[in-house]
Amino acid sequence: EAGVAQSPRYKIIEKRQSVAFWCNPISGHATLYWYQQILGQGPKLLIQFQNNGVVDDSQLPKDRFSAERLKGVDSTLKIQPAKLEDSAVYLCASSLDQLRTSSDTQYFGPGTRLTVL
Amino acid sequence: DQQVKQNSPSLSVQEGRISILNCDYTNSMFDYFLWYKKYPAEGPTFLISISSIKDKNEDGRFTVFLNKSAKHLSLHIVPSQPGDSAVYFCAASAWGAGSYQLTFGKGTKLSVIP
């Protein structure tokens, strides 16, 4: 079974530029997550989708971050404009159905390491 | 407010000995706990989990213990192997904002010395 795919793996941009990350979850997984992991911290949830609907985006800085999962499969996370403090690893994860059970395991992709100069 | 705490940023253990990684939590609504392992340049990988109705779960060399009254869980690795060297994240699940969500600790970097 293929895992969660993410691209690009690395990205370096200047502040105020825009950037987009792509995620393809495990086939059949209804729930998709985007996390931000700053160096030395644990992953922090930015947004959670159930199929193509947003379940929770309370921690997404909506003035600069946006995300979509139009067909309930792939997802894109965008930052525009980027700030220095956005430098982090952006992780995508998926699970079968987090709405039904707390024991639904999340599977993570390799992440995109973003450096904002 | 950090709801899941891993107070040891790093731990070094000799190969063959036991590794004990600790995690404390403050939210009594957490009902499921997980440990993830992360190698450099890779995403976290699920390792082992435990439900709040149990106090122990074992999978090969890995055992997780849960003490609900103390709001404490620990991961035991016996015997430790050099390939276990990684960052270990403790995570806890609770219902919030329309679904179950995970809260992660900051991680503990385990180094197993050959």
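Residue numbers (the working numbering), protein chains in the order written: chain A, 1 to 117; chain B, 1001 to 1114.
Note that beta-carbon positions come from the ideal geometry of N, C-alpha and C, so glycine has one too.
Note that this is a predicted model, so its numbers are computed, not measured.
Item: Beta carbon proximity, residue 107/A to chain B, threshold 8 Å; Value: yes
Item: Counterpart residues of residue 94/A in DSSP-defined beta bridges; Value: 32/A and 107/A
Item: Beta carbon of residue 1102/B nearer than 8 Å to that of residue 1086/B; Value: no
Item: Proximal residues of chain A, C-beta to C-beta of residue 1101/B below 8 Å; Value: 45, 48, 56 and 98
Item: CA nearest to the CA of residue 1081/B, picked from 1065/B, 1096/B, 1024/B and 1113/B; Value: 1113/B
Item: Contacts that residue 77/A makes with chain B (C-beta to C-beta distance below 9 Å); Value: What residue 77/A touches in chain B: nothing, since even the nearest Cβ is about 15 Å away.
Item: Beta-carbon proximity of residue 1031/B to residue 1048/B, cut-off 8 Å; Value: no
Item: Within-8 Å CB hit, residue 1025/B to chain A; Value: no
Item: Simplified DSSP assignment, three categories, for residue 74/A; Value: coil
Item: Whole-number beta carbon distance between residue 1003/B and residue 1025/B, since they are thought to touch under 8 Å; Value: 6 Å
Item: Residue(s) in a DSSP beta bridge with residue 1004/B; Value: 1025/B
Item: Proximity to residue 1034/B [Cα-Cα], best of 1070/B, 1041/B, 1011/B and 1022/B; Value: 1022/B
Item: Coarse secondary structure for residue 68/A, derived from DSSP in three states; Value: strand
Item: Chain B contact for residue 60/A (CB, 8 Å cutoff); Value: no
Item: Test: residue 1054/B CB closer than 8 Å to a CB of chain A; Value: no
Item: is_contact[residue 950/B, chain A] using C-beta, thresh 8 Å; Value: Since the first residue of chain B shown is 1001 and the last is 1114, residue 950/B is not available in this structure.
Item: Neighbour-count burial assignment, residue 88/A, 16 or more Cβ in a 10 Å radius; Value: buried
Item: Selected residue, minimal CA-CA separation from residue 1028/B, among 1077/B, 1108/B and 1070/B; Value: 1070/B
Item: Cutoff 6 Å; reference residue 49/A; Cβ partners in own chain excluding five residues on either side; Value: 32 and 69
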